[in-house]
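Engineer: Okay, here's the structure, questions in a sec.
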Amino acid sequence: MRVFAVSDLHADYAENRAWVAQLSAEDYQQDVLILAGDVTDNLKLLRDVLRGLRTRFREVLFVPGNHELWVQDGAIACSLEKFELVNQLCDEEGVRRTVWHDGNVSFVPLYSWYDFSFGEPDRHLLRAWRDFRACAWPSHLQDAAAINQYFLALNEPVLQTRNETVISFSHFLPRIDVMSPRIPEERRRVYPVLGSKALGQQINDLRPTIHVYGHSHVNQSIELDSVRYINNAFAYPNEERIARKGLHCIYGEVGDAK
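Using this note's numbering, the first residue of the sequence shown is number 63, and each one after it goes up by one.
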């Protein structure tokens, strides 16, 4: 069994949908795909993408990103309602969204949000970051910290998962030092909305072998405190320089695949 990872497919772009459509229907039938969020906010398109990937891989494991929780078209009132609809869609399409054990390997999805623990957002970010307009939260979740705590609480029952190999995955970053020190200063203004130190603490409790994340669109593979952190974002069409633009094998036969 090989395990591949990719995130941030952003299938709203025709170029990205074309890449998904051209994936081999034979080469990955014994393999597992971890899809670490941000496929699309459109539920019909999300279903189409997940259904297509499900026919190509033995198993598809998914955790939603921030884009999946957008409710900007007004058809769905609340981002938590959207979260439940995404979960229901996954169940209907046979996409795994809970802990799964396959022999000596366990896969653990971790939910989260950002909570500004990586820094305070400046006025530009507060105006420009689309989540602040495209998400809608119930009255008891009206700040980033409360939203993050809601999702982190969903992880508590799985943090004692143990196996020979544990592979966890989230959309958001669990620690800011996975970001390269070469990131230009002007690009770091988005750091407050990249993830959460509290998610990182949960990963410390879980002690996985590998943790896959997405969201930053900056590909990475780095070992920190005995955990291999991997980001393989497909990203937006114009982000050729920072994204691999292909599947990345993280377990089993190591290598990349188009």
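Just so you know, even glycine gets a beta-carbon here, dropped at the ideal spot from N, CA and C.
What residues in its chain sit with their C-beta under 7 Å from that of residue 67, if we drop five residues either side in the sequence?
Structural biologist: On the sequence shown, position 5 is the one that residue 67 refers to. 96, 98, 274, 292, 294, 310, 312.
Engineer: Please name the residue or residues paired with residue 282 in a DSSP beta bridge.
Structural biologist: The residue you call residue 282 lines up with position 220 of the sequence shown. DSSP output for residue 282 lists 293 as bridge partner(s).
Engineer: Among 169, 148, 195, 238, which has the Cα closest to the Cα of residue 223?
Structural biologist: Residue mapping note: residue 223 aligns to position 161 of the sequence shown, counting from 1. Looking at the Cα atoms, 169 is the closest of the given residues.
Engineer: Could you tell me the distance, in whole angstroms, from the CA atom of residue 229 to the CA atom of residue 113?
Structural biologist: Start at 1 with the first residue of the sequence shown, and residue 229 comes out as number 167. Start at 1 with the first residue of the sequence shown, and residue 113 comes out as number 51. Each residue's Cα considered, the two are about 23 Å apart.
Engineer: Helix, strand or coil, according to DSSP, for residue 236 in the structure here?
Structural biologist: Numbered from 1 along the sequence shown, position 174 holds the residue referred to as residue 236. The answer is coil: DSSP assigns residue 236 none of H, G, I, E or B.
Engineer: Residue 105: which of 86, 125, 131 sits nearest, CA to CA?
Structural biologist: Reading the sequence shown from its first residue, position 43 is the one you call residue 105. Of the listed residues, the one whose Cα sits closest to residue 105 is 131.
Engineer: Looking at the unbroken beta strand (DSSP E) that takes in residue 95, where does it start and where does it end?
Structural biologist: Here residue 95 refers to the residue found at position 33 of the sequence shown. Residue 95 -> beta strand (DSSP E) spans 94-97.
Engineer: Taking residue 73 and residue 111 to be in contact with their CB atoms under 8 Å, please state how far apart those CB atoms are, rounded to whole angstroms.
Structural biologist: Indexing the sequence shown from 1 puts residue 73 at position 11. Indexing the sequence shown from 1 puts residue 111 at position 49. Contact holds; Cβ gap of about 5 Å.
Engineer: Less than 7 Å separating the beta-carbons of residue 225 and residue 266?
Structural biologist: Counting from 1 along the sequence shown, the entry for residue 225 is found at position 163. Counting from 1 along the sequence shown, the entry for residue 266 is found at position 204. No, they are not a contact pair.
Engineer: Note the first and the last residue of the continuous alpha helix (DSSP H) segment covering residue 141.
Structural biologist: Translated into positions along the sequence shown, residue 141 becomes position 79. 141-155 is the span of the alpha helix (DSSP H), which, as asked, contains residue 141.
Engineer: Starting from the Cα of residue 237, find the closest Cα among 209, 284, 71 and give me that residue.
Structural biologist: For the purposes of this step, residue 237 is identified with residue 175 of the sequence shown, where counting begins at 1. For the residues 209, 284, 71, the minimum Cα distance to residue 237 belongs to 284.
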